[in-house]
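**Q**
Residue numbers (the working numbering): 1 to 227.
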């Protein structure tokens, strides 16, 4: 039995965390998914995030998003901290869960590192690819839901929430480069990245995401599903 890794990606303020929670809830009520659970093909549906999906990751998350030291965090140090979080996350939580037949819904994964540290910070994309390979052991998402939103619109949303974390405090030019990174990744990996229009109402976005996931569910488990 092997589970599925579904990842939510996008710029700040695109609604990833909210949509992940809504999908988690919707899948729990899905007749088709319950049918597959009864057949023993899927076990649990787990929700997690990067950084911070493990106990070690929580400490790294605090460093990465809450660091306010006298000297700015070096871009390479930031990259390595994200890689450390991911290595622990994959080893401790994601791979064991997939082996048990779980569906893992993850808020950010390797594409975020490419977009933020590669396109945003300007670090070498080849180096980032190597680090991602080391950290994940080659584990690639089965489906990546890219919540497509203009960077300026996303930042405006984050400012409405109140206090911004270290990444959200970066200037608009940085976030526009990150947006460009996600666009490049979507063009490079159309077989696993699905663009979701994140400009609409929360419920409308959630409905589009659920329809996409239901389509993949039927594709992945077609022989086991009845009409």
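The C-beta atom is built at its ideal place from N, Cα and C for all residues, glycine as well.
(1) Which runs of the alpha helix (DSSP H) at least 4 residues long sit entirely within the segment 8–50? Give them in chain order.
(2) Of the residues 96, 141, 93, 92, which one's Cα is nearest the Cα of residue 112?
(3) For residue 173, which residues of its own chain have a beta-carbon under 7 Å away from its beta-carbon, when the five flanking residues on both sides are left out?
(4) Among the residues of its own chain, which have a CB less than 7 Å from the CB of residue 207, if the five just before and after it don't count?
(5) Can you tell which of 14, 90, 190 has the C-alpha that lies nearest to the C-alpha of residue 161?
(6) What's the C-alpha gap between residue 65 and residue 225?
(7) Say whether the segment 36–48 touches the segment 72–81, bearing in mind that this needs 3 or more beta-carbon pairs closer than 8 Å, one atom from each stretch.
(8) Check whether the segment 191–210 touches the segment 9–24, counting contact only when three or more Cβ pairs, one atom from each stretch, lie closer than 8 Å.
(9) For residue 48, which residues in the same chain have their Cβ closer than 8 Å to its Cβ, ignoring the five residues on either side in sequence?
(10) Candidates 210, 222, 215: which alpha carbon is nearest residue 25's?
(11) Who are the Cβ neighbours of residue 157 in its own chain at under 7 Å, not counting the five residues just before and after it?
(12) Kindly indicate which residue of 168, 99, 87 has the alpha-carbon position closest to the one of residue 50.
(13) Can you give me the Cβ contacts of residue 218 inside the same chain, cut-off strictly under 8 Å, excluding the 5 residues immediately before and after it?
(14) By the 10 Å Cβ neighbour count, where 16 or more other Cβ atoms means buried, how is residue 228 classified, buried or exposed?
(15) For a minimum of 3 consecutive residues, which ranges assigned as the beta strand (DSSP E) are wholly contained in the segment 97–138?
(16) Among all the DSSP beta bridges, which residues are the ones paired with residue 6?
(17) On the premise that residue 123 lies in contact with residue 84, defined as a C-beta separation below 8 Å, what is that separation, rounded to the nearest angstrom?
(18) Alpha helix (DSSP H) containing residue 203: first to last residue?
(19) Within its chain, find whatever has a CB closer than 6 Å to the CB of residue 154; leave out the 5 residues flanking it on each side and keep chain order.
(20) Exposed or buried, which one is residue 9 when buried takes at least 16 other CB atoms within 10 Å?
(21) Would you mind working out which of 184, 205, 138 sits nearest residue 125, comparing C-alpha positions?
(22) Our contact map puts residue 176 next to residue 151 with C-beta atoms below 8 Å; I'd like the distance itself, whole angstroms only.
(23) Alpha helix (DSSP H) containing residue 187: first to last residue?
(24) Specify, as a first and last residue, the run of the beta strand (DSSP E) that residue 197 falls within.
**A** If we stick to the structure as given:
(1) The qualifying runs are 16–28, 31–38.
(2) Indexing the chain shown from 1 puts residue 112 at position 112. That would be 141, whose Cα lies nearest to the Cα of residue 112.
(3) Residue numbering aside, residue 173 sits at position 173 when the chain shown is read from its first letter. Contacts found: none.
(4) Against the chain shown, residue 207 aligns to sequence position 207. Closer than 7 Å at the Cβ level, and outside the excluded window around residue 207, lies no residue.
(5) Residue 161 sits at position 161 when you count from the first residue of the chain shown. Just measuring C-alpha positions, the residue of 14, 90, 190 sitting nearest residue 161 is 14.
(6) Here the question's residue 65 lines up with position 65 in the chain shown. Here the question's residue 225 lines up with position 225 in the chain shown. Near 43 Å, if we compare the C-alpha coordinates of residue 225 and residue 65.
(7) With the cut-off at 8 Å, the segment 36–48 and the segment 72–81 do not touch.
(8) These segments touch.
(9) In the chain shown, the residue the question calls residue 48 occupies position 48. These residues qualify, in order along the chain: 89, 93, 94, 104, 105, 106, 107.
(10) Taking the chain shown and counting its residues from 1, the one referred to as residue 25 is at position 25. Residue 210 holds the alpha-carbon nearest to the alpha-carbon of residue 25 among 210, 222, 215.
(11) Locating residue 157 in the chain shown gives position 157, where the first residue counts as 1. Result list for residue 157: 13, in chain order.
(12) Working through the chain shown from its first residue, we reach residue 50 at position 50. Of 168, 99, 87, the residue nearest in Cα terms is 87.
(13) Numbered from 1 along the chain shown, position 218 holds the residue referred to as residue 218. Only 32, 225 meet the Cβ criterion.
(14) The question about residue 228 has no answer, for the chain in this structure spans 1 to 227.
(15) Runs of the beta strand (DSSP E) inside the segment 97–138: 103–107.
(16) To locate residue 6, count along the chain shown from 1; it is residue 6. Partner(s): 105, 143.
(17) Sequence index remark: in the chain shown, residue 84 carries index 84 (1-based). Sequence index remark: in the chain shown, residue 123 carries index 123 (1-based). Their Cβ separation, rounded to whole angstroms, is 16 Å, which puts residue 84 and residue 123 out of contact at 8 Å.
(18) As a position in the chain shown, residue 203 is number 203, starting the count at 1. For residue 203, the enclosing alpha helix (DSSP H) stretches over residues 202–220.
(19) Counting from one through the chain shown, the residue named residue 154 turns up at place 154. Leaving aside the five residues that flank residue 154 on each side, the residues in its chain whose CB is nearer than 6 Å to its CB run, in chain order, 11, 12, 13, 14.
(20) Position 9 of the chain shown, counted from the first residue, corresponds to residue 9. In this structure residue 9 is buried. Its beta-carbon is surrounded by 16 or more other beta-carbon atoms within 10 angstroms.
(21) Locating residue 125 in the chain shown gives position 125, where the first residue counts as 1. For residue 125, the nearest C-alpha among the options comes from 184.
(22) For the purposes of this step, residue 176 is taken as residue 176 along the chain shown, with counting starting at 1. For the purposes of this step, residue 151 is taken as residue 151 along the chain shown, with counting starting at 1. Confirmed, about 5 Å.
(23) Here residue 187 refers to the residue found at position 187 of the chain shown. 172–188 is the span of the alpha helix (DSSP H), which, as asked, contains residue 187.
(24) Indexing the chain shown from 1 puts residue 197 at position 197. Per DSSP, residue 197 belongs to the beta strand (DSSP E) from 193–197.
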